[in-house]
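Notes follow once the structure below has been shown.
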Amino acid sequence: MHEDGFSQALSKRGVSRRDFLKFCTTMAATLALPASFIPKIAEALEKKKKPVAVWLEFSGCTGDTESILRATKPTIAEIVLDVISLEYHETIMAPAGKAAEKSKKDVVKDLKGKYIAIVEGAIPMKDGGMYCTIDGHSALEIAREVCGNALATLAVGSCASWGGVASAAPNPTGCVGVKEAVPKATVVNLPGCPVNAENITATIVHFLTFGTLPALDSHLRPLFGYGKRIHDNCERRMHFDAGQFVRKWGDEGHRLGWCLYDLGCKGPEAYYNCPTVKYNEGTSWPVQAGHPCFACAANNNWDVMGPIYSRLPYVVGAGYQLMADKIGLGLVAAAGAGIVTHAIVKEIKTRGIKQTNETEEQKAERRIDNAEDRD
Ligand code: SF4
């Protein structure tokens with residue numbers, strides 16, 4: 000990329016100067032930077048040499064590639080393709096076979112320590128890594144070579160970050176994330192199922208603007224994207240606080256946009272910028288669409304967060320489940336004593352009086368419904 004060619008390159012893709020500045024504004028917001036950083040971001044994107052990237056696809060569903068390609072005009076994908084020089088991406092690249100493999104090898108040989116590796120999908124470790132092979136080499140061998148020699152590796156999506164659904168018990172192929180497979184690699188985890196494309200772009204933009212990777216948490220996730228709890232930014236939170244819970248799919252509460260906690264929402268235990276950045280360029284996110292969050296960005300969510308549609312597990316000793324079920328409200332404790340106590344008190348206040356008017360037969364029916372839902 001020539002330093003003075005950025006605007007022309009964007010223009011050729013139908014992205015106007017105005018769209019570009021809007022993109023820089025979105026990036027500043029995603030990175031939780033004040034508006035004063037917008038010119039600095041724009042300058043970095045216009046003037047800095049774009050980094051070469053190699054995108055590897057291992058044991059996954061290609062959902063992360065879909066995430067970055069599924070966008071409306073002007074696409075983040077279009078802009079990001081001008082921000083990085085994508086030399087290898089099995090799913091979308093034109094070359095195939097030996098020619099494609101040569102592109103990858105050339106990058107590793109000629110740009111050792113200078114390129115960015117982007118990995119999608121988990122890495123099977125069992126039986127020598129034989130469950131995912133490309134051009135006769137296991138994903139493990141390829142990851143060691145490509146990620147081990149990269150400036151940095153972005154593990155995009157939950158599978159590349161910590162193994163994802165492929166690593167759920169009993170994990171028959173021994174899938175792990177990149178950092179576990181290649182401990183010496185410098186890895187930034189961008190979990191999500193799929194990854195949010197804006198978080199990939201923001202990480203690269205941060206690198207171009209400041210010359211460093213963004214600050215990470217203990218799971219190697221950027222704080223800008225994974226530092227805040229979903230529950231605290233959820234548009235249904237007012238209904239949680241008011242004790243208004245969806246009890247069944249399609250019931251009145253569901254139609255009115257009430258809280259999905261009782262249907263198994265893991266938002267109180269999940270950290271991700273899903274509610275603020277959303278997907279498909281800010282169109283929607285699962286909870287907005289009426290589906291409980293299943294904590295896709297949390298390590299081992301399939302094993303530790305319970306079934307998708309089960310309420311968060313009982314907190315031993317808290318005794319709230321007994322209390323909630325006893326009064327027939329269908330609440331359980333798990334998200335922390337403060338939250339649950341608050342919710343139960345609210346529930347009692349807002350629904351308790353109404354329920355005293357039920358006949359014994361109606362009460363019995365409701366208990367059966369609740370029990371069936373829990374099963
Ligand atoms: S429990 Fe889920 S739906 Fe309810 S407020 Fe929290 S994140 Fe939103």
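All the letters of the sequence shown, read from the start, carry residue numbers 0 to 374 under numbering that gives the first Met the number 0. By construction, the Cβ of each residue, glycine as well, lies at the ideal position given by its N, Cα and C atoms. From a predicted model like this one, the values you see are computed outputs, not experimental measurements.
Are the beta-carbon atoms of residue i and residue j separated by less than 8 Å?
i: G59; j: E119; result: yes
i: L189; j: T208; result: no
i: K103; j: V155; result: no
i: L219; j: V181; result: no
i: E268; j: A296; result: no
i: G256; j: F244; result: no
i: E89; j: E65; result: no
i: I199; j: L262; result: no
i: K125; j: T61; result: no
i: F206; j: A31; result: no
i: A99; j: Y87; result: yes
How many angstroms separate the CA atom of residue i from the CA atom of residue j?
i: R17; j: D250; result: 44 Å
i: K111; j: A184; result: 13 Å
i: S15; j: A8; result: 10 Å
i: C131; j: V286; result: 34 Å
i: S137; j: C292; result: 34 Å
i: K11; j: N300; result: 42 Å
i: G96; j: D134; result: 8 Å
i: T29; j: E197; result: 8 Å
i: P306; j: Y260; result: 13 Å
i: A151; j: T211; result: 10 Å
i: C233; j: C273; result: 9 Å
i: F239; j: K108; result: 55 Å
i: A142; j: V177; result: 7 Å
i: S160; j: P38; result: 32 Å
i: G13; j: I40; result: 20 Å
i: G351; j: I229; result: Caution applies to G351, whose pLDDT of 33 falls short of 50 and renders its modelled position unreliable; the model cannot decide the point.
i: T25; j: D302; result: 34 Å
i: T282; j: G127; result: 42 Å
i: P33; j: A27; result: 7 Å
In the DSSP output, which residue or residues are listed as bridge partners for residue i?
i: P221; result: L215
i: T152; result: A116, V186
i: I122; result: V175
i: C258; result: F244
i: S66; result: Note: S66 sits in no beta bridge, so no partner.
i: H136; result: I133
i: R235; result: BP columns for R235 are empty, so no partner.
i: R228; result: Y270
Return the first residue and the last residue of the alpha helix (DSSP H) that residue i is part of.
i: T172; result: Run containing T172: none; DSSP gives neither H nor E here.
i: A52; result: It is not in any alpha helix (DSSP H) - A52 instead sits in the beta strand (DSSP E) that spans 51-56.
i: R16; result: 16-29
i: D302; result: 300-303
i: T208; result: 196-209
i: C273; result: 273-276
i: P375; result: Because residue 375 is not part of the residues shown, which for the chain are 0 to 374, the question remains open.
i: G403; result: The displayed coordinates of the chain run from 0 to 374. Any statement about residue 403 would go beyond what the structure contains.
Tell me, to the nearest whole angstrom, how far the beta carbon of residue i is from that of residue j; I am working on the premise that it is less than 8 Å.
i: Y270; j: K227; result: 6 Å
i: P50; j: I115; result: 5 Å
i: A165; j: C158; result: 6 Å
i: L311; j: K265; result: 6 Å
i: L44; j: V204; result: 7 Å
i: G163; j: C192; result: 7 Å
What first and last residue would you give for the beta strand (DSSP E) that runs through residue i?
i: S84; result: 84-88
I'd like to know whether the C-beta of residue i is nearer than 8 Å to at least one C-beta of chain B.
i: S66; result: In summary, chain B is missing from the structure at hand, where a single protein chain is found.
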